[in-house]
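The structure appears right after this line, and notes come after that.
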Amino acid sequence: MLFRDLDGKRVLVWGLGREGRAALGLLGDPQRCAPTSVNTVDDGARELAAGGRTLIDLAGVDVVIKSPGVSKYRPELVDFVARGGVVTGLTAMVLAEREGLRTVGVTGTKGKSTTASLTAHLLEAAGIPMELAGNIGRPAVEILDSPEAWVVLECSSYQCADVTVSPEIGIFTSIYEEHLDWHGSFEQYVDDKLCLFASSDMVFVNGEQPALTGIAQRIRRRQILLDDDALLPLDGLRLQGVQNRRNASLALHAAAMIVGDIHPAFAHALTTFEPLEHRLHTLGWYGGMMVVDDVLATAPEAVMHALEVFADRPVTLLVGGYDREIDYRTFGAALSLRPTVRVIAMGPAGRRVADEIERAGSQRPLTVDTLPEALDAVDPSEQGVLLLSPGATSYGEFADYRARSAAFRELLEQRGMTQP
1 MLFRDLDGKR
11 VLVWGLGREG
21 RAALGLLGDP
31 QRCAPTSVNT
41 VDDGARELAA
51 GGRTLIDLAG
61 VDVVIKSPGV
71 SKYRPELVDF
81 VARGGVVTGL
91 TAMVLAEREG
101 LRTVGVTGTK
111 GKSTTASLTA
121 HLLEAAGIPM
131 ELAGNIGRPA
141 VEILDSPEAW
151 VVLECSSYQC
161 ADVTVSPEIG
171 IFTSIYEEHL
181 DWHGSFEQYV
191 DDKLCLFASS
201 DMVFVNGEQP
211 ALTGIAQRIR
221 RRQILLDDDA
231 LLPLDGLRLQ
241 GVQNRRNASL
251 ALHAAAMIVG
261 DIHPAFAHAL
271 TTFEPLEHRL
281 HTLGWYGGMM
291 VVDDVLATAP
301 EAVMHALEVF
311 ADRPVTLLVG
321 GYDREIDYRT
331 FGAALSLRPT
341 VRVIAMGPAG
351 RRVADEIERA
361 GSQRPLTVDT
371 LPEALDAVDP
381 SEQGVLLLSP
391 GATSYGEFAD
401 YRARSAAFRE
411 LLEQRGMTQP
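In UniProt numbering, the protein residues as written are 1 to 420.
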């Protein structure tokens, strides 16, 4: 759907977060569109998943522009579409407006922010006009007036689900069981991710994840990249972990396709790219323990990648949070085989992880209700790594990952954490 298609329509903006506010700004611009009416509705972040507690009355509405957190599978939205209504999102509308223009779409359960940011960093180093936007924090609508620039757009599964016009180039970093409360099933989650790439000219895919390689066969034009397909040596990369080396390879291939070759500036740019916050981010030292914030590792597979980074050191792992009813059996069994990892399990999801560790034959780890209780159980006289890599989202105890990260830092500073 294009913005001019809203002319004469009764529009509802559902959700007043970053994208919702950006949509309102655009709807108020008569140069873009002229809807008959614009109304808003807002839910708290915890109410936005499929099956939210309060049904929204959509009578008298032609088009719903929803925030990413609002599931398109909510009953009233499904009924609304069946009656001829249109449901879309701001990212999908921006991609429709940019059809035929220079856009890179990046998605994946984990790694998309790093890969999108590194792709933009490489293009900038090569002197290519570029804009970075999307799920990474800058609403996609802000790049509408940049037709000559390459736009690198990070897209969550929520945003992908509404897409009808694909970016020219795609990057698919990983696929794990995630966001099932929004999508309804893993199969639907995969289908919604793939909406982004339906007509892309080329999609670069992480070929080291068998599940993703299989799914990628459904992409019309793709290039499966293996570990030895990196275009340049990655020894100077500041990003930790094998997964980030794969992300760097994906970014390099996309940037090289845009530039037309391996630009001489790429090698140095790899060494100057700074790791993003909340992703294996070292905060400081708590006694003899290096403190690492990996709060965005909300999938079990991401936690296991983090543990591989610190495989040569003892780790105190803080895991758990909101229970999204994902399968923790493999995760619990894997943790039970790591004698150098001490697990402190937090909240409902943590209790389920603890159950699986015990079921695998290991001693049940300590379980607590809150992050402060977990930190009370940490002994700073020990050596190694204190790792917050939760394998679960933060809802229930915190508003979002930023709030959980801030609390982690603040609580440790109160306990005497020193800067790195």
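All C-beta atoms in this analysis are idealised placements derived from N, C-alpha and C, irrespective of residue type, glycine included.
- Note on GLU97: 16 or more other CB atoms within 10 angstroms of its CB, so buried under the neighbour-count rule.
- Here the C-alpha atom of LEU12 lies approximately 20 Å from the C-alpha atom of GLU142.
- Residue GLU19 holds the alpha-carbon nearest to the alpha-carbon of CYS155 among TYR328, PRO380, GLU19.
- For GLU410, there are no CB contacts under 8 Å within the same chain when 5 residues up- and downstream are skipped.
- Check the Cα spacing between ASP229 and each of GLY207, ASP235, ASP323: the tightest is with GLY207.
- Contact check for THR119 against VAL152 passes: the beta carbons are separated by less than 8 Å.
- When secondary structure is reduced to three states using DSSP, VAL319 falls in the strand class.
- If you compare the alpha carbons of VAL61, HIS263, LEU318, ALA211 with that of VAL368, the shortest gap goes to LEU318.
- Residue environment for GLN383: exposed (fewer than 16 other C-beta atoms within 10 angstroms of its C-beta).
- In the DSSP assignment, HIS281 falls outside any alpha helix (DSSP H) and within the unbroken beta strand (DSSP E) covering 281–286.
- When the Cα atoms are used, VAL94 and SER249 turn out to be separated by approximately 27 Å.
- About 14 Å separates the beta carbons of SER166 and PHE204, which is beyond the 8 Å limit, so they are not a contact pair.
- GLY25 counts as exposed, since fewer than 16 other C-beta atoms from the protein chains shown sit within 10 angstroms of its C-beta.
- Boundaries for MET417: no alpha helix (DSSP H) harbours it, and the DSSP string shows neither H nor E there.
- With a cutoff of 8 Å on beta-carbon distance, VAL163 and CYS195 are scored as near each other.
- Bridge pairing for VAL41: TRP14 [DSSP].
- The beta carbon of ILE258 sits closer than 8 Å to the beta carbons of ARG102, VAL104, LEU123, ILE128, TRP150, ILE169 from its chain, once the five residues preceding and following it are set aside; these are given in chain order.
- Taking C-beta atoms under 8 Å as the contact rule, ARG352 and ASP376 fail to qualify, at a distance of about 22 Å.
- When DSSP reads this structure, PHE172 sits in a beta bridge with THR107, VAL205.
- DSSP, reduced to helix, strand and coil, places LEU180 within a helical segment of the structure shown.
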